[in-house]
Structure formats: C-alpha cells, structure tokens
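Participant: Sharing a structure, written as structure tokens. Questions coming.
Residue numbers (this note's numbering), protein chains in the order written: chain A, 54 to 394; chain B, 298 to 802.
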C-alpha cells in the first residue's frame with residue numbers, strides 16, 4: 054500500500070500525459086494483434102523506452118548512494134560496439150553477449166573504484182569515462198559504423214516473445230529482477246544507509262566500499278544491456294551516436310521518479326515510471342505531428358511542468374495555503390457563532 | 298561594562314543548549330570562555346553574532362539592548378568575530394579581503410589605489426610586513442588570522458570574539474597572535490577568547506567563564522584560579538544526585554576475569570602506545586580534556602585508525618582490529634561521539650537503524666526478516682524507553698537523547714563483548730542521562746565490558762570500576778576502587794605538562 058502511495062504522483066502524471074496525447078491522437082491506446090504480435094503505440098513506447106528504462110534501473114541505485122553515473126551513455130556505445138564487433142568476428146551470440154556484459158562490468162568497476170577507493174566525486178569520476186569512452190568505442194569500430202547481420206543478435210532489438218517486443222520484455226524483467234533483489238535481500242536497506250550516511254554505516258560495520266563499487270557495476274551492466282538493445286535494433290554499432298545524451302534522460306527519469314539526488318530512499322518502480330513518462334513525451338510529440346524542430350522545446354516544457362508540480366516547496370506551499378484557508382473558515386464560523394449569540 | 302548578557306536561554310528541539318547564562322565583558326579585557334564540547338560556547342557566540350535568535354534573556358552593548366538578527370547586523374553594532382577556520386577568500390588579494398563589501402569607489406569602479414591605501418591603514422599597528430596586493434593564499438594561517446582580526450576590528454571595533462583562533466597555529470605563531478590581541482586590549486576593545494588550551498587561557502586572559510551543559514559554572518579572575526580548580530569546574534560536579542543514582546560502591550581489590558588485553562597499542566600522531574587490560578563485566582572510564590587523546594584511543598581500539606604498534610589479544614590469541622568490520626567481528630561495538638555525523642542514519646527508520654549493524658554482520662544475502670526487525674525495534678523501544686511515534690519513524694525526527702538510545706540499541710542487539718561509548722550522554726536531557734547510566738550498570742552486570750569516555754567526571758565516578766586518565770595523547774594514570782574521586786582524576790589531568798614526554802608518541 055505504501056509502495057503504491059509512493060508512485061502515485063508518477064502514475065497520475067503518466068495518466069495525464071496519456072489523456073493529453075489521446076486528445077490529439079485518439080488511437081493512442083489501441084493495441085492490435087497482427088501475426089501474433091501486439092502492435093500499437095503503447096507497445097512502441099515500451100520498446101523504444103528500453104534503453105532509458107534499463108539505464109534508469111542502474112542509475113536509481115547509483116543515485117541512492119548519493120552518486121551519479123554520467124558514463125552510461127558512453128558505456129552503451131562501448132558495449133554496443135563490442136557486441137557488433139564480436140558478431141562480425143564470428144564469436145557467436147553467446148560470445149558477443151558475454152563480452153558486451155563483461156565490458157559493462159569493467160566500466161562499472163572503473164567508476165566504482167574511482168569513487169569508492171580514491172574518493173573522487175562521482176560526477177567527476179564518471180565524467181572521465183563519459184568523455185573518453187566514445188574514443189574507446191571508436192577504436193573498436195575502427196571509426197566506421199560497424200554493421201552485421203545476425204538474426205539471433207537482431208532479436209534483442211526487433212524480436213518478440215509471446216507477442217511482446219523483446220526490448221520491452223528485457224527491461225521489464227531486468228527492472229523486476231533488480232527490484233526484487235533489492236527488497237528481498239538486505240541490499241536495498243544497506244544501499245540506502247550508505248547513501249544517507251556513509252561514515253555512520255561504515256561504523257556500524259556496513260562494507261560501504263564494496264557496496265559502492267557494486268552499484269556502479271550494476272549501472273555498467275544495465276548500460277551494457279541497453280547497448281546491446283541499441284546495437285541490435287539498428288543491426289550495427291554507431292560509436293558516435295549510440296546512447297548519446299541518454300545518461301541525462303536516465304538521470305531525469307530517476308528525478309521524475311521522485312528519487313532524491315541526495316541519496317537515501319529509492320524506488321525503482323518510480324524511476325521506471327519516470328522513464329516511461331519521458332518516452333511517452335518523446336513518442337507523443339512525434340505522433341501529435343508537430344514539426345520536428347519543436348520536439349525538444351515541447352519536451353523541456355513538459356518536463357519543467359512535471360518537476361515544478363512535484364517540487365517539495367510547491368507542495369509545502371500548497372499545504373500552507375490549504376491550512377490558512379481552513380483557519381479562515383474556522384474563524385469565520387466561530388465569529389458567526391459569536392454574533393449569533 | 299561594555300557587554301552584558303543576562304539569563305540567556307536558547308533551546309533546540311529536545312535540548313536546552315543555553316540555560317540562563319550570565320556573561321559580561323569590560324572594555325580593555327580579555328575574557329576567556331571555556332567548556333567541553335557541547336557545553337554551549339558556540340551557541341553563546343552564535344546568539345551574540347546573530348547567527349541564532351535567543352529564546353530568553355537580555356544582551357546589552359554599552360547600555361543599549363541589542364538583538365542582532367544576522368552577523369552583518371552584529372558587525373554594524375560593533376561585534377566582530379574571527380573563527381578558527383578563517384572566513385576570508387584566499388583567491389583574492391589581502392587588500393580586497395580587507396575592504397570586501399565596502400570597496401572605495403571612483404566613477405563606479407573599484408579604486409585600486411585607494412583600496413590598497415585603505416588596507417594598509419587597516420593593518421597599521423599590527424606590525425605585519427606584508428604586501429596587501431598579493432593574494433591572501435600567499436600567507437600563512439597565522440597571518441590570515443591577524444588579517445581577519447584586523448578586518449573584524451575595523452568593521453566592528455567594540456567587541457572582538459576569537460573562536461578557537463589558535464587551533465591550527467604553532468607556538469611562535471600563537472605568540473605573534475597574542476601580541477596583537479594584547480595591543481587591541483590596550484586600545485580598549487573587549488575580547489572574548491574561546492579556547493580549550495588552558496595554558497593559553499592563563500597566558501592571555503583577565504577573567505574566565507566556564508560553561509558546562511549549557512549552564513554557567515563560574516566567572517572568576519584568572520589570577521585567582523589555578524589549573525586544578527579550572528579543570529574541576531570544567532569537568533566535575535555538574536550532575537545532580539538523581540542522575541548519578543547510587544554511586545558505585547568502589548571496593549578495593551575487586552578482580553574481573555580478563556577478557557582483552559592491549560599491549561603497546563598505539564598510533565603515531567594519535568595516541569602513544571598504551572597497555573590496557575579489560576575485565577569481563579568491567580566498566581572502564583576514560584577521562585581527560587578535549588583533544589587529549591580520549592576519542593583517539595577509542596578509534597584505535599575499534600579499527601577506525603589502524604594501530605602502528607602493539608597487539609590486542611583475548612584468551613584465544615591475537616585479534617584483528619584493522620577496520621570497524623574486523624573489530625565488530627571480534628565482538629566490539631562503538632557508539633561514537635558525533636551522533637549525527639557518525640551514529641545515526643537520519644532518513645532511515647528507528648527499526649532500520651537498530652537492525653543495521655546486525656544486518657551488516659549477516660551480509661546482504663541474509664536479510665534480517667522484517668518481523669524480526671520489528672520485534673527487535675519494539676523490544677528496545679520499550680526497554681530503553683525510546684520516545685518515538687513507532688518503529689517506522691525516521692530517526693532524524695527524534696530528540697538527541699532518543700537518537701542516542703537507538704544507537705545504543707543497535708549495539709546491544711549485537712550483544713558485543715566489548716562496547717565503547719564515546720560521550721554517551723552528551724547533549725541529552727537529565728532523564729535520558731540517568732537511564733543510560735542505569736543501562737550501563739545493567740548490561741555489565743550481565744557480563745558485557747564497557748569503556749565509557751566522558752567529560753563528566755561525576756558520570757565516570759558513578760559508573761566506572763577503573764578510570765584511565767589521558768593527557769597529551771598519553772595514558773598517564775590508572776585509578777581503581779577507592780582512588781576514583783573527582784580530586785584524584787583532576788590532579789592526574791592537571792599534572793605538570795610533559796612529565797611523560799619521554800614516552801615516544
């Protein structure tokens with residue numbers, strides 16, 4: 054019940070967005086079954102939202118430790134390049150997936166060590182990989198767009214299982230798995246404790262260093278999955294554009310999800326709703342048929358409205374206004390009674 | 298009197314930081330303000346400088362009642378402050394720092410030449426040979442201190458508050474600074490000098506006021522006091538009998554079966570090597586002044602700062618105390634002095650805060666079941682009388698004393714064999730104070746060994762079976778049984794300096 058209350062603002066926002074888009078585009082919610090596949094705009098959002106959703110899962114954990122991971126977009130490019138390269142080198146699907154995931158782990162270990170062992174601020178530590186990582190991806194693709202044709206790999210971008218697009222299934226399962234792990238094990242509480250007060254957690258015996266490294270590794274792994282999806286989708290690796298600026302969308306998803314950048318309490322479900330909100334805005338703008346040059350401005354406007362509505366100061370203000378109104382009513386009633394007597 | 302404070306009271310949720318404090322300051326006087334951590338020194342200063350608003354009481358400056366609401370307002374009234382961490386901008390020049398906020402202007406632009414001249418005039422009489430057009434960062438902390446003083450005097454000019462100004466200075470720099478302070482005194486300024494270096498207090502001040510637990514203990518001419526008296530005022534006889542309860546019956550020659558033994562345990566720059574044996578069920582007290590090495594001893598034993606020398610043993614052999622995790626595995630617990638920074642996880646609930654250490658020991662893969670956590674939390678909320686709306690309330694919302702009880706509950710739930718409590722009763726109300734002392738007696742009766750660090754001698758006398766006295770980062774004395782009295786402890790703390798200097802630190 055409390056979990057539902059936690060995500061209520063995000064659910065309301067998403068519902069309002071859907072209602073708004075349906076005004077412009079009545080068929081928005083329609084889902085048809087074509088050749089055993091579910092087809093419709095909502096399915097498209099679930100599919101297109103996969104990279105952002107996957108990144109948001111890892112980013113939520115990092116932000117819960119009062120960190121941030123700016124390198125996930127770049128890590129997508131690196132892991133996507135490695136996946137494409139492995140396929141073209143003939144390592145097969147298993148080899149490609151394993152190498153890409155391994156690269157994600159390596160990126161996470163790098164970030165995690167800089168943050169947890171060397172004590173570099175997360176924003177600076179992950180900026181290093183963010184800026185240099187595309188160079189690594191370019192080295193892998195040798196500066197070209199590395200294309201491949203491999204049905205097994207392409208499945209992760211355009212395939213479907215039981216009628217549901219594979220990318221959508223991948224991010225939903227990943228998110229559910231991570232959320233389950235966090236709440237069924239003690240990881241969730243320990244991560245929150247480290248995020249709120251690392252010194253006190255360490256004094257209570259929490260292995261804060263290992264935990265911090267682990268969340269960056271988790272973020273790297275999520276980025277690797279997102280990279281695989283992005284590469285599989287276009288059947289090629291584009292070192293320059295894969296995952297470009299997506300780290301910012303992922304952070305935004307976490308923030309729209311109501312998770313504090315100051316660390317502590319987190320909700321993966323809320324971050325995912327945040328990711329869905331962003332993807333719905335992106336897709337909705339396209340559907341509404343605005344000229345494409347308006348897209349970013351409209352998106353910025355909508356995000357601004359959402360964040361202002363969710364801002365703690367506004368809700369405090371709102372409560373104060375309501376209390377003041379109530380007091381005025383009470384005074385009015387009281388004075389009426391007095392004059393009545 | 299230049300400045301008079303009468304019955305100043307400042308309350309924070311759950312605690313009275315200042316309770317009816319009187320203080321006065323004459324022109325041409327250095328008045329030292331003394332007290333341990335949490336005694337109320339900084340609260341008093343913040344009420345004076347407008348950082349805090351007082352709840353009750355009167356402040357008059359030259360006969361006028363004042364209530365500054367900000368530091369700039371206090372400055373304009375004539376009260377200037379220089380803090381331990383100099384509040385200047387190191388990347389600006391000395392002249393820019395000195396004239397910051399009221400730069401001389403010409404045609405709307407800063408007049409650099411006038412600015413330099415003005416700065417040089419401000420520094421005139423401080424006997425500094427420095428170039429005011431160089432960056433402040435080019436000069437030592439001591440010189441920056443003096444520049445900060447010059448700025449404060451120029452801006453305010455009646456009352457100068459020096460808050461631990463010598464904490465990061467060496468002996469020669471302290472002398473330079475004191476020469477400046479003495480000249481300002483001669484010029485008729487009233488100077489409040491906050492420090493915990495007793496030698497400096499005797500060297501510089503005309504009068505001393507000692508605060509303890511938010512109350513004024515004494516105001517006395519420095520010349521009429523000696524070291525022992527002063528320490529006794531700072532540490533002793535503050536507690537009412539109802540807090541201390543029945544004093545411990547100190548029997549001579551009572552023996553405890555040995556649980557742990559530290560041999561030659563030390564760390565350079567923290568605490569000189571010490572030997573210490575801990576008996577099972579024994580309460581050890583650690584007494585000493587602020588900065589003497591009390592907390593450092595505890596941090597060493599809990600693995601926060603690994604030892605450079607010596608070993609810790611129990612009956613089964615050498616113990617690994619290289620990190621808090623290792624120390625916890627060895628059956629240790631530690632409730633630190635800085636509750637907010639090092640103790641509580643403010644956003645998490647009382648339940649989670651209690652379960653945290655236990656969860657950390659079990660590892661992430663074996664969560665303490667929620668029902669078990671709840672049972673633990675409810676159990677300790679009742680046992681320690683923790684005032685909370687329930688186990689799910691965030692610990693940050695609780696008062697200091699109740700937060701402390703939650704931290705204690707966290708460790709008691711682990712059932713450690715050796716629990717270190719650093720200032721367990723700091724900043725908490727009288728009722729909670731008594732309960733914590735009662736709790737210490739209770740758990741040691743059940744066989745737990747406890748080390749209590751405290752600035753309250755009465756508290757140590759009430760609970761400790763043996764008191765270790767720390768001075769200048771050395772364990773200098775060990776008192777047992779009937780030897781444990783305020784008098785003996787104060788004498789051990791006050792003994793002439795450097796008596797033990799031959800022991801290498």
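Quick reminder that beta carbons are idealized off the backbone N, C-alpha and C, glycines included.
Fair warning: this is a prediction, and the values are worked out from it, not measured in the lab.
#1: Please classify residue 290/A as buried or exposed, where buried requires at least 16 other C-beta atoms within 10 Å of its C-beta.
#2: Tell me the DSSP secondary structure of residue 740/B in three-state form.
#3: Taking the alpha carbon of residue 325/B as the reference point, which residue from 424/B, 704/B, 385/B and 481/B has its own alpha carbon closest?
#4: Whole angstroms are fine: how far does the CA of residue 558/B sit from the CA of residue 174/A?
#5: Leaving aside the five residues before and after residue 729/B along the sequence, list all residues of the same chain whose C-beta is less than 6 Å from its C-beta, in chain order.
#6: With a threshold of 8 Å between beta carbons, is residue 631/B in contact with chain A?
#7: Among residues of its own chain, excluding the 5 on either side of residue 169/A, which ones have a beta-carbon nearer than 7 Å to its beta-carbon?
#8: Report the option in 763/B, 312/B, 321/B and 342/B whose CA atom is closest to the CA atom of residue 576/B.
#9: At 3 residues or longer, what runs of the beta strand (DSSP E) sit wholly inside the segment 452-527 of chain B?
#10: Which residues in chain B have a C-beta closer than 9 Å to the C-beta of residue 243/A? List them in chain order.
#11: Could you check what DSSP says for residue 374/B in three-state terms: helix, strand or coil?
#12: Any residues in the segment 702-723 of chain B with a beta carbon nearer than 8 Å to a beta carbon of chain D? Which ones, in chain order?
#13: Taking 8 Å as the cut-off, decide whether the C-beta atoms of residue 264/B and residue 654/B are in contact.
#14: Could you tell me which uninterrupted beta strand (DSSP E) segments, each at least 3 residues in length, are contained entirely in the segment 363-426 of chain B, listed from first to last along the chain?
#15: What does residue 58/A touch in chain B if you count any residue whose Cβ is under 7 Å from its own?
#16: Going by CA-CA distance only, name the one from 571/B, 365/B and 341/B that's closest to residue 374/B.
#17: For residue 556/B and residue 574/B, I'd like the C-alpha separation in whole angstroms.
#18: I want to verify the contact list: residues of chain A whose CB lies under 8 Å from the CB of residue 643/B, in sequence order.
#19: Just to make sure I have the definition right: I need the residues of chain A whose C-beta is within less than 7 Å of the C-beta of residue 806/B. Which are they?
#20: What does residue 326/B pair with, by DSSP beta-bridge criteria?
#21: Can you give me the C-alpha to C-alpha distance between residue 367/A and residue 361/A, rounded to a whole angstrom?
#22: With 16 other CB atoms within 10 Å as the buried threshold, where does residue 389/A fall?
#23: By how many angstroms is the C-alpha of residue 322/B removed from the C-alpha of residue 452/B?
#24: Determine the contact status of residue 307/B and residue 349/B, defining contact as a CB-CB distance below 8 Å.
#25: Below 8 Å, how does it come out for the segment 200-215 of chain A and the segment 605-619 of chain B: are there three or more Cβ pairs, yes or no?
#26: Whose Cβ in chain A lies nearer than 7 Å to the Cβ of residue 640/B?
#27: Would you mind telling me which residues of chain A sit closer than 7 Å to residue 621/B, beta carbon to beta carbon, in chain order?
#28: Look at residue 605/B and residue 489/B and say whether their C-beta atoms are less than 8 Å apart.
#29: Between residue 658/B and residue 259/A, what straight-line distance do the alpha-carbon atoms span, to the nearest angstrom?
#30: Hey, is the segment 276-288 of chain A in contact with the segment 131-147 of chain A, meaning 3+ C-beta pairs nearer than 8 Å?
#31: Should residue 67/A and residue 338/A be called a contact, given that it needs their Cβ atoms to be closer than 8 Å?
#32: Quick one: what's got a C-beta closer than 7 Å to residue 64/A's C-beta in the same chain, skipping five residues either side?
#33: Hey, out of 310/B, 450/B and 496/B, whose CA is closest to residue 486/B's CA?
#34: When the Cβ atoms of the segment 193-210 of chain A are set against those of the segment 236-254 of chain A, are three or more pairs found closer than 8 Å?
#35: Is it buried or exposed, residue 85/A, if we count other Cβ atoms within 10 angstroms and call 16 or more buried?
#36: Just the Cα atoms here: how many angstroms apart are residue 338/B and residue 344/B?
Facilitator: This is what the structure gives:
#1: buried
#2: helix
#3: 481/B
#4: 40 Å
#5: 698
#6: yes
#7: 262, 265 and 266
#8: 763/B
#9: 456-460, 487-491, 504-509 and 512-518
#10: 653, 656, 657 and 661
#11: helix
#12: Absent from the structure is chain D; the protein chains it does hold are A and B.
#13: Since the first residue shown for chain B is 298 and the last is 802, residue 264/B is missing from the structure and cannot be characterised.
#14: 376-379
#15: Neighbours of residue 58/A on chain B: none; closest Cβ ~14 Å, over 7 Å.
#16: 365/B
#17: 8 Å
#18: 249 and 250
#19: Residue 806/B falls outside the range modelled here, since chain B spans only 298 to 802, and no answer is possible.
#20: 487/B
#21: 7 Å
#22: exposed
#23: 19 Å
#24: yes
#25: no
#26: 253
#27: 255, 256 and 258
#28: no
#29: 8 Å
#30: yes
#31: no
#32: 326
#33: 450/B
#34: no
#35: exposed
#36: 10 Å
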